[in-house]
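Working notes, structure below.
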Amino acid sequence: MRDLHTALAWAIVLGNGLAGGWALAAHRVARLRHRALWVVTGLAQVLLLAQAWAGAAIAVDEGIDVDAFHLFYGAAALLSAGVAWGYRRQLADRVHLLYGGVGLWIMGLGIRAMVLG
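Below is the structure:
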């Protein structure tokens, strides 16, 4: 389960970094606005749920007292994805900026959570 948690962490960091950079570029360059951008973004953010489940399973199974900041960064990433989804219609003219920023934000949160272990 720890290997899954580690693999998901890297997938979240790389996936959200890719999706965030792509979305920011798509804001400026219209030909980069493909349906594939939203598929990659959605997959990268849905992985957060799998990551949280795997982390919770590890903590319960192994009786680990998880660092509070590790939990905080994970919860902040989940919350950020939810907030972005909630604001997507209000910011329809800037949706690429919204998801670009959130993707890079989640990438940073993931890196920080990995550093804390």
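Positions in the sequence shown are counted from 1; adding 37 to them yields the numbering used here.
Note that beta-carbon positions come from the ideal geometry of N, C-alpha and C, so glycine has one too.
Values in this document were obtained by computation on a predicted structure and should not be read as measured data.
(message) Closer than 6 Å to a non-hydrogen atom of the ligand FMN - does that hold for the CB of F109?
(response) Of ligands this structure carries none, so the ligand FMN is not represented either.
(request) Pair every Cβ in the segment 119 to 126 with every Cβ in the segment 90 to 99, then say whether three or more of these pairs are closer than 8 Å. (result) no
(request) Specify, as a first and last residue, the run of the alpha helix (DSSP H) that V139 falls within. (result) V132 to L153
(request) Count the other CB atoms, across all protein chains shown, that sit within 10 Å of the CB of A150; report buried if there are 16 or more and exposed otherwise. (result) buried
(message) Could you check whether the segment 42 to 57 touches the segment 135 to 149, counting it as contact only if at least three pairs of C-beta atoms, one from each stretch, sit closer than 8 Å?
(response) yes
(request) Count the other CB atoms, across all protein chains shown, that sit within 10 Å of the CB of Q82; report buried if there are 16 or more and exposed otherwise. (result) buried
(request) Just tell me which of A73, A94 and H133 has its CA closest to the CA of H64. (result) H133
(message) According to DSSP, simplified to helix, strand and coil, what is R39?
(response) helix
(message) Rounded to the nearest angstrom, what separates A91 and L84 at their Cα positions?
(response) 10 Å
(message) Taking the alpha carbon of T78 as the reference point, which residue from L153, G137, G154 and V152 has its own alpha carbon closest?
(response) G137
(request) Would you kindly report the start and end of the unbroken alpha helix (DSSP H) that includes V83? (result) R72 to E99
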